[in-house]
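Chains as they are written, first to last, in this note's numbering: chain A, 1325 to 1348; chain B, 371 to 629.
Glycine included, every Cβ here is placed at the ideal spot set by N, Cα and C.
Quick caveat, the model's predicted, so the values are computed rather than measured.
Below is one structure, written out as structure tokens, with a few remarks after it.
See below:
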């Protein structure tokens, strides 16, 4: 088993949301 | 003549969906709810991959530089854009006001017939496969995410704490599982970590895809103008010459396609 960090995944998605928001 | 407007709107709608689902996903992870977080991560990935699919389909279509029929050529662009925004599996045109779902047969539920000459059939796996062609491993990563978003074993992993294992004096291994406490870390198989890394590296290219999409606009406009000027110019005489040209160029009709 590996340990994943929930905040790390949230950061990945936040970056996508920021990219998409900037373009709208 | 609405095609260029629809081109701009398709991007706006696609991005708005990514933003809404993505914001939900991020806040679920931050709130320490990885199961709903992963469910929304899978949805976010689906919404983001629609843009890749759109770019690939437009790119393939716009590669045809000398279309035999300029109107059919623009109609195909129209269809590509419409599927990205309004694509469906459920037969909305027939069932939009249905309230007796129990009697809906499979054949009635499925959207099979074209709408106004446009085929709007869509399923998300088309987009996932397009993304996989751009980012190898994307489809596998998506399937792994599905395993965690569906009521399958992955979802069970997400609702338990890191399991405690011990071997007793008789050599029997015990695994103690406990429902999760609110910890920011989750124990998952390595393949899940790999899936997140693939998603991460693929989503890093999202802005490039937006740029790529924007880059198609001049050619879409050109195709619309060609269709208007070769087949529809007489209809432009009905318009006020000082109104914006219906091709979407932003110029007045008199100085654009009507000229």
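query                                                                                                                                             : result
Residue 396 of chain B at chain A interface by Cβ criterion, 8 Å                                                                                  : yes
Under 8 Å between C-beta atoms of residue 518 of chain B and residue 415 of chain B                                                               : no
Length-filtered (4 minimum) alpha helix (DSSP H) runs lying within the region 587-612 of chain B                                                  : 587-601 and 603-606
Collapsed DSSP secondary structure at residue 465 of chain B in the structure displayed                                                           : helix
Residues bridged to residue 614 of chain B [DSSP beta-bridge criterion]                                                                           : B:622
Segment contact, 8 Å Cβ cut-off, at least three pairs: the region 454-468 of chain B with the region 476-489 of chain B                           : yes
Residue range of the unbroken beta strand (DSSP E) whose run includes residue 1327 of chain A                                                     : 1326-1329
Opposing strand residues paired with residue 530 of chain B [DSSP bridges]                                                                        : B:549
Beta-carbon gap between residue 393 of chain B and residue 1341 of chain A smaller than 8 Å                                                       : yes
Beta-carbon proximity check, residue 454 of chain B vs residue 380 of chain B, cutoff 8 Å                                                         : yes
Local conformation of residue 414 of chain B per DSSP, three classes                                                                              : helix
Helix, strand or coil at residue 475 of chain B [DSSP, three-state]                                                                               : coil
Through-space distance from residue 382 of chain B to residue 525 of chain B, alpha-carbon basis                                                  : 33 Å
Contacts around residue 630 of chain B, its chain only, beta-carbon distance under 7 Å, and the 5 residues preceding and following it disregarded : For residue 630 of chain B there is no data in the structure shown, the boundaries of chain B being 371 and 629.
Interface partners of residue 386 of chain B on chain A, CB under 7 Å                                                                             : 1348
Option nearest residue 446 of chain B by Cα separation, candidates B:476, B:420 and B:488                                                         : B:488
Residues that residue 555 of chain B contacts on chain A, provided the C-beta gap is smaller than 8 Å                                             : 1327, 1328, 1329 and 1330
Reduced DSSP secondary structure (H/G/I, E/B, other) of residue 433 of chain B                                                                    : coil
For residue 557 of chain B, the residue or residues it bridges with in DSSP                                                                       : A:1327
Residue-chain proximity (residue 536 of chain B, chain A), Cβ-Cβ < 8 Å                                                                            : no
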